[in-house]
Amino acid sequence: MRQPAPVADYLDALARDLGFDPSLAHRVRQEVEDHLWEATTANGDTSIEAQARAVMNFGEARMIAGQYAALSLLRQARRSGAMIVLAAGALYVAMKGRVAWYGLMQWVLSDTLQPVGKVVLAIDRAAYILALLLGVVGWAYISSRRVSPRFDTACRSQLRWSLGLVTAAACPMVVSVIADAAVTALRLLEERPPISVCGIPLLSITIEVAVAAVLVMAIGKTLRNTLRASSLLSN
Amino acid sequence: MLKGHLDMIVLAALSRGPAHGYAVIQEIHRRSGGAFELPEGTIYPALHRLEQAGLLSSQWTTAESGRRRRVYALTKRGTRTLAEERAVWLRFADAIGGLLGSPGHATTRTSR
Numbered sequence: 000m001r002q003p004a005p006v007a008d009y010l011d012a013l014a015r016d017l018g019f020d021p022s023l024a025h026r027v028r029q030e031v032e033d034h035l036w037e038a039t040t041a042n043g044d045t046s047i048e049a050q051a052r053a054v055m056n057f058g059e060a061r062m063i064a065g066q067y068a069a070l071s072l073l074r075q076a077r078r079s080g081a082m083i084v085l086a087a088g089a090l091y092v093a094m095k096g097r098v099a100w101y102g103l104m105q106w107v108l109s110d111t112l113q114p115v116g117k118v119v120l121a122i123d124r125a126a127y128i129l130a131l132l133l134g135v136v137g138w139a140y141i142s143s144r145r146v147s148p149r150f151d152t153a154c155r156s157q158l159r160w161s162l163g164l165v166t167a168a169a170c171p172m173v174v175s176v177i178a179d180a181a182v183t184a185l186r187l188l189e190e191r192p193p194i195s196v197c198g199i200p201l202l203s204i205t206i207e208v209a210v211a212a213v214l215v216m217a218i219g220k221t222l223r224n225t226l227r228a229s230s231l232l233s234n
Numbered sequence: 000m001l002k003g004h005l006d007m008i009v010l011a012a013l014s015r016g017p018a019h020g021y022a023v024i025q026e027i028h029r030r031s032g033g034a035f036e037l038p039e040g041t042i043y044p045a046l047h048r049l050e051q052a053g054l055l056s057s058q059w060t061t062a063e064s065g066r067r068r069r070v071y072a073l074t075k076r077g078t079r080t081l082a083e084e085r086a087v088w089l090r091f092a093d094a095i096g097g098l099l100g101s102p103g104h105a106t107t108r109t110s111r
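From first to last, the protein sequence lines are chains G and C.
Under numbering that gives the first Met the number 0, think of the first position of the first sequence as 0, with each following residue one higher.
Under numbering that gives the first Met the number 0, think of the first position of the second sequence as 0, with each following residue one higher.
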């Protein structure tokens, strides 16, 4: 039969409840381990009872994890908000670079591609502007939030809004990148220029797709962590 | 009673020098005469929050026991914030004392 180990069991439970932020869980586990052993041995006693007393005085693992959740998840949301703004900047530079290159090469859309190109570019522009506006609003909203000391209803609502705005900004940004990729692919497939000419458009599109992919993954991770925290810490 | 004041209490506990979480709790207990009964674990999210806000800095050290230990210290901004909070608190305590008519205040007022 397994010997009771209150400190080790408590640390496992706390690390599990902090599963929404693995690096934080690792740090907190080490810090709390030091505390609990310090408290256990304070009276020169390392018995199971002394361990249980130290654990009891420390407080319920779920409550402690909840206090960390508010800070950690808002930080993750802030990071996503900043990424949206940075991604918008990176996409702008890539788009402008590609357009400048087309100008330099005097590479215009053929008559057959003009109508399609116009529609796709209009979608691209509208989607980009929408993404930028939502991104800036989202970033401003998230940056102005105060960190709640508890993972309570107000904190959850704040996170829902933050992540909603960030996701709402990411969706048109992805549409904009798809539109850019579509127009570029049409150009390249129609004219099949040498690699020395199509290198810059290909590179800029690769950058756009990579930026969008990193952004989607980061937001997805934050959303998953928030959902995980909500399900773990809900009463 | 502690609600809303925990950050100030933690900053005050660190005003005499760097300390790890357990020592911060001991310091609070000692200086408050054991007046605050709070789950010890609530100090750690507060320390983390204050560090994120730039009011504390921290670093890992190794304790005599060989365990890893996180030691916290007030930053310049933390020291400034504590001084501001202390001034606000003293004004507040003075005003409340006056309103409630504590003996100290009654004497002060009559002697003027």
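Where a beta carbon is used, it is the ideal one built from N, C-alpha and C, also for glycine.
Note that the coordinates shown come from a computational prediction; the quantities given were computed from them, not determined experimentally.
- Those residues of the segment 59-85 of chain C placed with their C-beta closer than 9 Å to a C-beta in chain G are W59, A62, S64, R66, R67, R68, R69, ordered along the chain.
- Going by beta carbons, V182/G and V208/G fall outside the 8 Å limit.
- A distance of 8 Å or more separates the beta carbons of L54/C and L89/C.
- Exposure of A92/C is indicated by the presence of fewer than 16 other C-beta atoms within 10 angstroms of its C-beta.
- Runs of beta strand (DSSP E) with 3 or more residues, each lying fully within the segment 27-110 of chain C, are found at 55-61, 67-73, listed in chain order.
- By the criterion of at least three beta-carbon pairs nearer than 8 Å, the segment 7-26 of chain C is not in contact with the segment 210-219 of chain G.
- For a cut-off of 8 Å, the C-beta gap from I199/G to W138/G is around 30 Å, too long to register as a contact.
- A Cβ-Cβ contact shorter than 8 Å links L112/G with L185/G.
- Judged by DSSP secondary structure, F57/G falls within the alpha helix (DSSP H) whose first and last residues are 47-57.
- Counted as a single uninterrupted DSSP element, the alpha helix (DSSP H) harbouring H25/G occupies residues 21-40.
- The segment 102-119 of chain G makes no contact with the segment 54-69 of chain G, as fewer than three CB pairs between them are under 8 Å.
- Per DSSP, the beta bridge partners of A18/C are Y71/C.
- Ranking D44/G, E30/G, R97/G by CA distance to the CA of I204/G puts R97/G first.
- Secondary structure at P200/G: helix, using DSSP grouped into helix, strand and coil.
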